[in-house]
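From first to last, the protein sequence lines stand for chains V and F. Those letters in the first sequence? Residues 776 to 1015, per the working numbering, in order. Those letters in the second sequence? Residues 776 to 1015, per the working numbering, in order. All C-beta atoms, glycine included, are put in the ideal place defined by N, C-alpha and C. Note that the structure is a prediction, hence the values are computed from the model and not measured. Worksheet: the structure to be examined is printed underneath.
Number of protein chains: 2
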Amino acid sequence: MSDAELPPAPRLPTRETRPARSTRERTLSRDAILDVAMGIVDAEGLDALTMRSVAHVLRTGQASLYAYVTSKEELIELLIDRVIGEIRFGGEPDPDRWQDQVKEAARQIRAVYARHGDLARASFARVPLGENALRGSEWIIGVMRAGGLPDDVVALGVDLIALYANAIAYEESIYLAEGATPEQIAAYAEEMGRYFAALPVDRFPNIVAMAGPLTAGEGDSRFEFGLEVLVRGLAAMAAG
Amino acid sequence: MSDAELPPAPRLPTRETRPARSTRERTLSRDAILDVAMGIVDAEGLDALTMRSVAHVLRTGQASLYAYVTSKEELIELLIDRVIGEIRFGGEPDPDRWQDQVKEAARQIRAVYARHGDLARASFARVPLGENALRGSEWIIGVMRAGGLPDDVVALGVDLIALYANAIAYEESIYLAEGATPEQIAAYAEEMGRYFAALPVDRFPNIVAMAGPLTAGEGDSRFEFGLEVLVRGLAAMAAG
DNA sequence: TCTAACAAGGGAACACTGTTCCTGTCAAGT
DNA sequence: ACTTGACAGGAACAGTGTTCCCTTGTTAGA
């Protein structure tokens, strides 16, 4: 679409709807829809989230959902902010521990997405501007500033950390959410290792030599490594 | 899908198909399909890439495409490897310049995706194991090893750099590929700045204070900042 | 009390997707 | 000259998000 405009203004949604028809018992609401949608994503993944599947669980037709949610796009955005809202950011910013606190925030982002299927892959495409996302940014920025990082480093740094946590969550969600057990993932890594080792040595000498290390680290250590790199890099940037 | 297995073995595809029917002029082939598909992605974006749209340009039916490509999934993978193949990696690894060389590789990845609509968003979900991707990995690993980084740092580092370049390319492709002009993006950033500045100061003191820096940097400087952070962080990891 | 207005609910249809079935067709091999 | 077999592609299938528009329960007004 070439006439697509960038989103006009970030709204904090407040639309309220009263139940009208129902002889009680049947109360459709935005929250009910979100609950069901979240359940579907958790249990079956993002691909299973269709307007039909949501409507079916609520024993209604798809059309009814559009009274509470303007599009599937909006529904997903609401889900994302809800998930971000689950994050519990630590206490007061501590100038001596900004590195640990930043890491902890990133860990929380990763963890919270890990609990919700492959929702992370949807979050990646959207700039999270919901209430909860703002709260999170506010906290991380506070931590970095308290740590004495210059404002321009903080501005780009918070963006970078968020990008990293999201990207990792996205990548990991691809395998995890669609039925791949940890065993399968380990087996896949092993197979990759053998594949690398078996490549033609003359063309891929380094990959062959590194077949081991390349397929060694599992998820956690990989994530922590990147975190450490980022934090050390940010510290170096602050130093000049 | 819970019975979905991880991809079995990474194949370097070599299926060859000879033209049979044609009275010349009408020669369907895998390459012709890829050319057309690439053209569609470049011009109209990934969403416009449909088996129907490809078939239409080739003046044929969708079904015919499946003789050369087993699925749309495979078609996209082939496109991605083709794009990665456009990257020209620099010359010999230079021990004194590994940081610059790694940066340059990342820049190339970003640049090449920027030339091809929002294809980056598809690449993100897949582990690129095509011939060309391997060549790229081989080169970057060589550079890092020549630079004296320990093997475990190299292994995770190359992964991290690739993740970063891909993630940035993905993010940027979202806006760029769907008709948003640089002016619109700048306008959007400005609007964001005003939005941040107008937030309630008591709840978001840091965001309000940082409204300027947060929405300041445009694409290039943002990308370069992250690159610098990563490279410095990797250097620090190597130091211990 | 009866009625009119309203708004939520939802069935059905629309336009689209990726994929497969199955028949027609043409070029080469015998 | 005739069979063979791979390519081509129309049509159909099972999905998707979204919209149209009629039904129906509730409420306000006469």
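List the whole-angstrom C-beta distance separating Met1012(F) from Thr990(F), where the pair is believed to meet the contact cut-off of C-beta under 8 Å. At roughly 31 Å, the Cβ-Cβ gap does not stay under 8 Å, so Met1012(F) and Thr990(F) are not in contact.
Find the residues of chain V that neighbour Ser912(F), judging by a C-beta separation of less than 7 Å, and give them in chain order. By Cβ distance, chain V contributes Ile982.
Within the 8 Å Cβ cut-off, does Leu803(F) reach chain V? So, not an interface residue.
Among Tyr841(V), Gly814(V) and Gly820(V), the one whose alpha carbon lies nearest that of Val832(V): Ranking the options by Cα distance to Val832(V), first place goes to Gly814(V).
Buried or exposed for Val933(V), going by 16 or more other Cβ atoms inside 10 Å? It counts as buried.
Beta-carbon separation of Ile916(V) and Ile982(F) under 8 Å? Yes, the pair counts as a contact, with Cβ atoms nearer than the cut-off.
Proximity test, Cβ basis, 8 Å: Arg1007(F) and chain V: Nearest CB-CB separation between Arg1007(F) and chain V: below the 8 Å threshold.
Can you confirm whether Ala972(V), when its beta carbon is compared against all beta carbons of chain F, has any partner nearer than 8 Å? Answer no: the Cβ-Cβ gap between Ala972(V) and chain F never drops below 8 Å.
Using a beta-carbon distance cut-off of less than 9 Å, what residues from the segment 984-1001 of chain V approach chain F? Identification of residues in the segment 984-1001 of chain V having a C-beta nearer than 9 Å to some C-beta of chain F yields Ala984, Met985, Gly987, Pro988, Leu989, Thr990, Ala991, Gly992, Ser996, Arg997, Phe1000 and Gly1001, given in sequence order.
Using CA atoms only, rank isn't needed, just tell me which of Ser996(V), Leu853(V) and Asp977(V) is closest to Gly905(V). Nearest C-alpha to Gly905(V): Leu853(V).
The segment 905-914 of chain F / the segment 853-866 of chain F touching (three or more Cβ pairs under 8 Å): By the C-beta criterion, the segment 905-914 of chain F is judged to be in contact with the segment 853-866 of chain F, since at least 3 inter-stretch pairs fall below 8 Å.
Buried or exposed: Gln876(F), going by 16 or more other Cβ atoms within 10 Å of its Cβ? Buried, by the Cβ-count rule.
Own chain residues within Cβ distance below 6 Å of Trp914(F), not counting five before or after: Cβ within range, chain order: Phe864.
Beta-carbon separation of Arg896(F) and Tyr963(F) under 8 Å? No, Cβ-Cβ distance for Arg896(F) and Tyr963(F) is not below 8 Å.
Of all the alpha helix (DSSP H) runs that stay within the bounds of the segment 836-880 of chain V, which reach a length of 4 or more residues? As summarised for the segment 836-880 of chain V, the continuous alpha helix (DSSP H) elements at least 4 residues long and confined to that stretch are 837-840 and 847-859, given in chain order.
Pull up the CB-CB distance for Gly836(V) and Ala842(V), whole angstroms please, since I reckon it's below 8 Å. Here Gly836(V) is actually not in contact with Ala842(V); their C-beta atoms are around 11 Å apart, not less than 8 Å.
Which one of Leu803(F), Gly994(F) and Ala972(F) has the shortest CA to CA distance from Ala986(F)? Distance from the Cα of Ala986(F) is smallest, within the candidate group Leu803(F), Gly994(F) and Ala972(F), for Ala972(F).
Is the beta carbon of Leu931(V) sitting closer than 8 Å to the one on Phe1000(F)? Yes; because the gap between Cβ atoms is below 8 Å, this pair is in contact.
So for Asn981(V), helix, strand or coil by DSSP? Three-state DSSP puts Asn981(V) in a helix.
So, for Leu1005(F): in the same chain, excluding its five sequence neighbours on each side, which residues have a beta-carbon less than 7 Å away from its beta-carbon? Contacts found: Leu935, Ile936 and Tyr939.
Whose Cβ in chain V lies nearer than 8 Å to the Cβ of Gly1015(F)? By Cβ distance, chain V contributes nothing, its closest Cβ being about 11 Å from Gly1015(F), past 8 Å.
So, helix, strand or coil for Leu909(V), using DSSP? Secondary structure of Leu909(V) (DSSP, three-state): helix.
Is it right to say Val976(V) is buried, meaning 16 or more other beta carbons lie within 10 angstroms of its own, or is it exposed? Here Val976(V) is exposed: its Cβ has fewer than 16 other Cβ atoms, across all protein chains shown, within 10 Å.
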